[in-house]
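**Student:** Here you go, one structure.
Numbering (full-length UniProt numbering), first residue to last: 1 to 335.
Written as C-alpha cells, this is what we have:
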C-alpha cells in the first residue's frame, strides 16, 4: 500500500510517500482492517513531525490520528462491524501504532465509531480529534451546565468551531475570540452569542462587560501561551478554566488562586499514550453520539482545505502557516 512515512524529525519535506506492506487482521481478535478514504490533519501531527514522535526508537513512522474509511475485513471476535461499514475514529499516529496517512490501517473495533451518514468521508475524517477534545474539555474537565456562560478562545479554529457548537447543544451562552470579520461571520453562523475581536479589544474587559462584571463560568483556552494566564480575571470566582496547551513554566497563578479557579488540563491523547482501553472506548462512544448530532443537522465540521495523500507535506506547511479556519484533510481514495 501507499503511505506517507515520516523518515526523521524535521521540516515538512521529511514526509515521503512510499510503498509499504499492507497490514493484516490477526485471526480471532476484535480488530478491523480499514481502507482509509480520508485522514484529518491536526497540530499534533506537525508537532510530532518537527520535534519527533513519542517513540523515536520506532522510526520511520506513519502520522495521522484521525481517519475515516470502509471496513475491509474483521477479526473473528468482532461484533459491532462487518465488511462494507463506513467508520471514523481517532487512533494511532503517535509513533507506536501506525497512523492514517496511508491506504489501510488496523484498529480495534472498540475504538471505532460508525461514520455519520450525512457527511463526506473528508468531513468525517476531520472530526474525531476535535470532537473528543472539545467534548472532554467542556463536558468533563469544565463540567459545563445549561445556562452557563463560556468564553472560547479561537472560535474559528479546528477545536474552537466544534466547541462553540457543543456548548450551544448543552444550552450554554457562548462568547468567542476571533481575528477577522470573516471569522466573526463564521462563528455567528455556528451560534456564538458574543464575538470579540481580540486584536482590537481587551477580551477580558469584553467578557466582564458581557457578564455584568462577574466573569464567565468557564473559559476554554485553545491558544495557549500568555492567553492562558491573561484569561484568569475573565473567569468568575470559583469558575473553571480549561486549556489544551501546557501552561508556561513562568505562568503567574496569583489571580487564579485569588479567584479560586478550578484549572483543567485537557489532552485527548492520554488514553492512547497510557494504554487506557476503557477511556479509548469512551472516546468512541463520544463519536457515536456526535455522529447522531451531525446526522440531525445539529453539529457540523468545517473542512476548508483538501490535499491528495502525496501532498501531505504541503498540508503541513499550510497548517503551520497559522490562522486556519476549520480543518485540513488528506484525500486517500475515491468513494
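By construction, the Cβ of each residue, glycine as well, lies at the ideal position given by its N, Cα and C atoms.
#1: Alpha carbons only, please: which of 48, 30, 41 and 1 is nearest the one belonging to residue 11?
#2: Buried or exposed, going by whether 16 or more other CB atoms sit within 10 Å of the CB of residue 225?
#3: For a minimum of 4 consecutive residues, which ranges assigned as the alpha helix (DSSP H) are wholly contained in the region 231–297?
#4: Where does residue 175 land, buried or exposed, given buried means 16+ other C-beta within 10 angstroms?
#5: Using the DSSP secondary-structure output, state which residues sit across from residue 114 in a beta bridge.
#6: Taking the alpha carbon of residue 302 as the point to measure from, which residue in 159, 308 and 219 has its own alpha carbon closest?
#7: Quick check: residue 155 and residue 192, are their CB atoms within less than 9 angstroms of each other?
#8: Name the residue from 16, 210 and 1 whose alpha carbon lies nearest to the alpha carbon of residue 8.
#9: Below 8 angstroms, how does it come out for the region 98–118 and the region 270–286: are there three or more Cβ pairs, yes or no?
#10: Looking at C-alpha atoms only, which residue of 205, 170, 169 and 118 is the closest neighbour of residue 177?
#11: Using alpha carbons as the reference points, say which of 121, 103, 168 and 122 lies closest to residue 135.
#12: Once the 5 residues before and after residue 90 are set aside, which same chain residues still bring their CB inside 7 angstroms of it?
#13: Give the secondary structure of residue 98 by DSSP, where H, G and I count as helix, E and B as strand, and everything else as coil.
#14: Determine contact between the region 25–37 and the region 75–93, defined as no fewer than three beta-carbon pairs at a distance below 8 angstroms.
#15: Can you name, in chain order, every residue of its own chain whose Cβ lies under 8 angstroms from the Cβ of residue 269, other than the five neighbours on each side?
#16: For residue 300, which of helix, strand or coil comes out of DSSP?
#17: Using DSSP with H/G/I as helix, E/B as strand and the rest coil, what is residue 128?
#18: Quick check on residue 224: does DSSP put it in helix, strand or coil?
#19: What does the alpha-carbon distance come out to for the pair residue 122 and residue 140?
#20: What are the boundary residues of the beta strand (DSSP E) that residue 2 is part of?
#21: What are the boundary residues of the beta strand (DSSP E) that includes residue 54?
#22: Using only the alpha-carbon positions, how far apart do residue 238 and residue 262 sit?
#23: Could you work out which residue in 86, 173, 194 and 87 is closest to residue 146 when comparing CA atoms only?
#24: Reducing DSSP to helix, strand and coil, say where residue 141 ends up.
#25: Going by the CB atoms, is the gap between residue 37 and residue 338 shorter than 9 angstroms?
#26: If you check the beta carbons only, do residue 255 and residue 221 fall under 9 angstroms apart?
#27: Using only the alpha-carbon positions, how far apart do residue 40 and residue 87 sit?
#28: Below 9 angstroms between beta carbons: does that hold for residue 161 and residue 208?
#29: Quick one, are the C-beta atoms of residue 236 and residue 266 less than 9 angstroms apart?
#30: Span of the beta strand (DSSP E) holding residue 69?
#31: Please classify residue 177: does DSSP put it in a helix, a strand, or coil?
#32: On the CB-based measure, 16 or more other CB atoms within 10 Å of its CB, does residue 125 come out buried or exposed?
#33: With distances taken from CA atoms, which of 329, 218 and 199 is nearest residue 163?
#34: Can you tell me whether DSSP reads residue 315 as helix, strand or coil?
**Tutor:** From the atom records:
#1: Your numbering for residue 11 matches position 11 in the chain shown. The candidate whose alpha carbon is nearest that of residue 11 is 48.
#2: Position 225 of the chain shown, counting from 1, holds the residue named residue 225. Residue environment: residue 225 is assigned as exposed (fewer than 16 neighbouring CB atoms within 10 Å of its CB, all protein chains considered).
#3: For the region 231–297, whole alpha helix (DSSP H) runs of length 4 or above, ordered along the chain, are 254–258, 270–274 and 277–295.
#4: What you label residue 175 is simply residue 175 of the chain shown in a count that begins at 1. Buried, by the Cβ-count rule.
#5: Counting from one through the chain shown, the residue named residue 114 turns up at place 114. The beta-bridge partner set that DSSP reports for residue 114 consists of 87.
#6: Mapped onto the chain shown, residue 302 falls at position 302. Measuring from the Cα of residue 302, the nearest candidate turns out to be 159.
#7: Position 155 of the chain shown, counted from the first residue, corresponds to residue 155. Position 192 of the chain shown, counted from the first residue, corresponds to residue 192. In this structure, residue 155 sits near residue 192, with a CB-CB distance shorter than 9 angstroms.
#8: Numbered from its first residue, the chain shown carries residue 8 at position 8. Answer by Cα proximity: 16.
#9: Yes, the region 98–118 is in contact with the region 270–286.
#10: As a first step, residue 177 must be located in the chain shown, where it is residue number 177. Of the candidates 205, 170, 169 and 118, 205 places its Cα closest to the Cα of residue 177.
#11: Within the chain shown, the letter at position 135 stands for residue 135. Looking at 121, 103, 168 and 122, the one whose alpha-carbon comes closest to that of residue 135 is 168.
#12: Numbered from 1 along the chain shown, position 90 holds the residue referred to as residue 90. Taken in chain order, the residues that qualify are 65, 66, 128, 129, 132 and 283.
#13: As a first step, residue 98 is located in the chain shown; it is residue number 98 there, counting from the start. Coil at residue 98, not helix or strand.
#14: Yes, they touch.
#15: Residue 269 sits at position 269 when you count from the first residue of the chain shown. Result list for residue 269: 44, 65 and 94, in chain order.
#16: Here the question's residue 300 lines up with position 300 in the chain shown. Coil at residue 300, not helix or strand.
#17: For this step, residue 128 is matched to residue 128 along the chain shown. DSSP places residue 128 in helix when its eight states are reduced to three.
#18: Translated into the one-based positions of the chain shown, residue 224 becomes position 224. Correct three-state label for residue 224: coil.
#19: Position 122 of the chain shown, counted from the first residue, corresponds to residue 122. Position 140 of the chain shown, counted from the first residue, corresponds to residue 140. Here the alpha carbons of residue 140 and residue 122 stand approximately 27 angstroms from one another.
#20: Taking the first residue of the chain shown as 1, we reach residue 2 at position 2. Note, residue 2: beta strand (DSSP E), 2–6.
#21: For this step, residue 54 is matched to residue 54 along the chain shown. Segment: none, residue 54 is in no beta strand (DSSP E) and carries neither H nor E.
#22: What you label residue 238 is simply residue 238 of the chain shown in a count that begins at 1. What you label residue 262 is simply residue 262 of the chain shown in a count that begins at 1. So the alpha carbons of these two residues sit roughly 7 angstroms apart.
#23: For the purposes of this step, residue 146 is taken as residue 146 along the chain shown, with counting starting at 1. The residue among 86, 173, 194 and 87 with its C-alpha nearest the C-alpha of residue 146 is 173.
#24: Against the chain shown, residue 141 aligns to sequence position 141. Judged by DSSP in its simplified three-state form, residue 141 adopts helix.
#25: There is no way to answer for residue 338, as the model of the chain reaches only from 1 to 335.
#26: Against the chain shown, residue 255 aligns to sequence position 255. Against the chain shown, residue 221 aligns to sequence position 221. No; because the gap between Cβ atoms is not below 9 angstroms, this pair is not in contact.
#27: Residue 40 sits at position 40 when you count from the first residue of the chain shown. Residue 87 sits at position 87 when you count from the first residue of the chain shown. It is roughly 14 angstroms from the alpha-carbon of residue 40 to the alpha-carbon of residue 87.
#28: Taking the first residue of the chain shown as 1, we reach residue 161 at position 161. Taking the first residue of the chain shown as 1, we reach residue 208 at position 208. No, they are not a contact pair.
#29: As a first step, residue 236 is located in the chain shown; it is residue number 236 there, counting from the start. As a first step, residue 266 is located in the chain shown; it is residue number 266 there, counting from the start. In this structure, residue 236 sits away from residue 266, with a CB-CB distance that is not shorter than 9 angstroms.
#30: One-based indexing of the chain shown puts residue 69 at position 69. Membership of residue 69 in the beta strand (DSSP E) is indicated by the continuous run 66–74.
#31: Along the chain shown, one-based indexing puts residue 177 at 177. DSSP, read as helix, strand or coil, puts residue 177 in strand.
#32: The count along the chain shown starts at 1 and reaches residue 125 at position 125. Here residue 125 is buried. Its C-beta has 16 or more other C-beta atoms within 10 Å.
#33: As a working mapping, residue 163 is identified with position 163 in the chain shown. Out of 329, 218 and 199, the CA that lies nearest to the CA of residue 163 is found in 218.
#34: Here residue 315 refers to the residue found at position 315 when the chain shown is read from its first residue. In the three-state scheme derived from DSSP, where H, G and I count as helix and E and B as strand, residue 315 is classed as helix.
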